[in-house]
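Residue numbers (my numbering): 18 to 615.
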């Protein structure tokens, strides 16, 4: 019977742990232990020298005290060295009282007159006494007949100050070493306590690091940081990170491009970096919501903001400029499609009318009918091109007039309108005019006797635009709010957002140092006024930013003017902002007879 294979033994892996918690704890414990050992060694190293110095000074003090007694010097001079002599008796008394190992009194020849061992009395000392006998005080650690000791030697003088001998006192060195050894356990106890406290602190700090790093390894953190940098600078969405004080702490490349700022904004507040405005309010969280629309320069941005655990926030920015442009083009295409459908129906009615006149052999009436139809279109085109010499603006207004006519709205150019072909930035004015006219057409849709009037004139180098309509008007408390990004009273279509057009109009006007305002029109409705200083070049310094396309409103004199193709607009216009008014009714085709009645 076969035996089951033995599982391979697991190899013990040595080395640094991978978890941040373990690595931080191990490093901090090692640091605490190293500091404790180092502190203990630094304390013990000078302790031995300090104890030696204390012992030598003690011995010197005892020797000085002994030599200061006059009786000792007198007994040394007047007696002989003996075991029972007065010098030996006094020296022994001092030795026992002070706890010294020995107190030796010698004469000038180095002969002992006192010693703890009576047999040494009368003999020469074992160490050189010349420094003490020459008048110097000596402290040293040396070895003698009693072993190693800390010694103090001083000269012994009589009443006249003459050196008659010397006094040498010794402290047993073993007692000094014993004090040092006795101090070590206490030092180790202190070091152990300090190490225990350091280990506890290291554990607490490691636990905090563990929670903040979510138990990741250092290699994982480094990898996440590299991936974060690659992701932030690779995605096509702007990312702005803010700290709890509202200062910018991170901007990726796309956010810098969309907001028009650079790395110098990092560390500054949003108000300083971006200036006041809706974009700043949305990023700072003063305006709440999801997919909030803002306008930054010529860009339409969709912004979302998410708070973070540390009190800051991360905001994302998406560029919807192209999508808004496509949405506006889709709206324009749908409007023109409806207009073409209505024109086709109207054209069929006209052809039927013409056919009936011809069949009835009413040839004069047929010619008159055709002349009236062609004359209406020709008059509209000529009215625009005679007063507005810029081809882009003329083409836009002729196209808008066609759309307005099919919607049952009378779009006209004011009698005082006169704009020379000297615009510095015709595309910007096309955007403004297109937005205001579209906005007015929607405002008057479904109202009786709907009219929109465009008044565009030049005063020096300043261009002044007024767009009046006969709609419900704008309430006074809403006249500033309608210029806010994203403000609208109607539900936006699926392909784009509303509330951009009027905001873009004001931004374009203010960028040129002008203004955009709304007031009540004479006779009711709304009147939008846009003032653009320095919008026109000097007569002799005309420079065009774009090559003017052939206007759709021009045609040979021998043929009718056609308006059934959309006018080309090089600059996109935002969708019209909404204002309070009646809901728009479905567009209906108008017959030639109805046009005749108008």
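Note that the Cβ used here is the ideal one computed from N, Cα and C, for glycine as well.
Predicted model only: the values in this text are computed from it and were never measured.
Legend entry - Residue ranges of each alpha helix (DSSP H) within the stretch 228-292, 4 or longer: With a minimum length of 4 residues, the continuous alpha helix (DSSP H) runs that stay inside the stretch 228-292 are 235-251, 270-276, 287-291.
Inset, instruction - Return the first residue and the last residue of the beta strand (DSSP E) that residue 131 is part of. - result: Here residue 131 belongs to no beta strand (DSSP E), and DSSP marks it neither H nor E.
Legend entry - residue 241 versus residue 331: straight-line alpha-carbon distance, rounded: 18 Å
Inset, instruction - Grab me the residues of residue 582's own chain with a C-beta within less than 6 Å of its C-beta, minus the 5 sequence neighbours each way, in chain order. - result: Caution applies to residue 582, whose pLDDT of 33 falls short of 50 and renders its modelled position unreliable; the value that the coordinates give is listed next. Answer for residue 582: no residue qualifies.
Inset, instruction - Return yes when the Cβ of residue 89 is within less than 8 Å of the Cβ of residue 96, no when it is not. - result: no
Inset, instruction - For the stretch 425-439 and the stretch 467-479, state whether three or more C-beta atom pairs, one from each stretch, are separated by less than 8 Å. - result: yes
Legend entry - DSSP state of residue 575 mapped onto helix, strand, coil: Since pLDDT at residue 575 reaches only 33, below the 50 mark, its modelled position is unreliable, and the value read off the structure follows with that caveat. Reduced to three states, the DSSP call for residue 575 is coil.
Legend entry - Delimiting residues of the beta strand (DSSP E) encompassing residue 534: 532-537
Inset, instruction - Could you check if residue 384 is buried or exposed, using at least 16 other CB atoms within 10 Å of its CB as the buried criterion? - result: exposed
Inset, instruction - Could you give the DSSP three-state label for residue 517: helix, strand or coil? - result: coil
Inset, instruction - Using 10 angstroms around the beta-carbon of residue 462, count the other beta-carbons present and answer buried if the total reaches 16, otherwise exposed. - result: buried
Legend entry - Alpha carbon of residue 153 to alpha carbon of residue 171, nearest angstrom: 7 Å
Legend entry - Cβ shell of residue 47 (< 8 Å), same chain only, five flanking positions each side left out: none
Inset, instruction - Could you check the C-alpha separation between residue 464 and residue 402 for me, to the nearest Å? - result: 29 Å
Inset, instruction - Using the Cα positions of residue 367 and residue 387, report the straight-line distance between them to the nearest angstrom. - result: 9 Å
Legend entry - Cβ pair count under 8 Å reaching 3, the stretch 52-59 against the stretch 135-151: no
Legend entry - Residue from 525, 490, 262, 66 with nearest C-alpha to residue 288: 262
Legend entry - When 285, 94, 309, 118 are compared against residue 173, the one with the closest alpha-carbon: Residue 173 has its Cα closest to that of 94, out of 285, 94, 309, 118.
Inset, instruction - Could you pull out every unbroken beta strand (DSSP E) segment of at least 3 residues lying fully inside the stretch 155-226, listed in chain order? - result: 155-161, 164-174, 180-189
Inset, instruction - Taking residue 155 as the reference, give the member of 98, 122, 115, 76 with the closest Cα. - result: 76
Inset, instruction - Assign residue 607 to buried or exposed, taking buried as 16 or more other Cβ atoms, counted over all protein chains shown, within 10 Å of its Cβ. - result: Unreliable placement is indicated for residue 607, whose pLDDT of 32 sits below 50; the coordinate value is still reported in the next sentence. The residue in question, residue 607, is buried, as its Cβ has 16 or more Cβ neighbours within 10 Å.
Inset, instruction - Give the range of the beta strand (DSSP E) segment to which residue 146 is assigned. - result: Where residue 146 is concerned, there is no enclosing beta strand (DSSP E), given that its DSSP letter is neither H nor E.
Legend entry - DSSP three-state assignment for residue 321, whether helix, strand or coil: strand
Inset, instruction - Assign residue 469 to buried or exposed, taking buried as 16 or more other Cβ atoms, counted over all protein chains shown, within 10 Å of its Cβ. - result: Looking at its Cβ environment, which holds 16 or more other Cβ atoms inside 10 Å, residue 469 is buried.
Legend entry - Helix, strand or coil at residue 79 according to DSSP, with G and I counted as helix: helix
Legend entry - residue 586, buried or exposed, once every other Cβ within 10 Å from all chains shown has been counted against 16: Since pLDDT at residue 586 reaches only 36, below the 50 mark, its modelled position is unreliable, and no value is offered.
Legend entry - Beta-carbon contacts of residue 267 that lie in its chain and below 6 Å, excluding the five residues immediately before and after: 258
Legend entry - Start-to-end residues for the beta strand (DSSP E) that takes in residue 458: Element bounds for residue 458: not the beta strand (DSSP E) but the alpha helix (DSSP H), 443-461.
Inset, instruction - Determine the DSSP secondary structure at residue 487, reduced to helix, strand or coil. - result: coil
Inset, instruction - Would you kindly work out how many angstroms separate the C-alpha atoms of residue 575 and residue 364, rounded to a whole number? - result: Model confidence at residue 575 stands at a pLDDT of 33, short of 50, so the residue's coordinates are unreliable; what they give is reported in the following sentence. Going from the Cα of residue 575 to the Cα of residue 364 covers about 20 Å.
Inset, instruction - Check residue 124 in the structure and name its three-state DSSP category. - result: strand
Inset, instruction - Going by CA-CA distance only, name the one from 451, 491, 100 that's closest to residue 412. - result: If we check each option's Cα against that of residue 412, 451 comes out closest.
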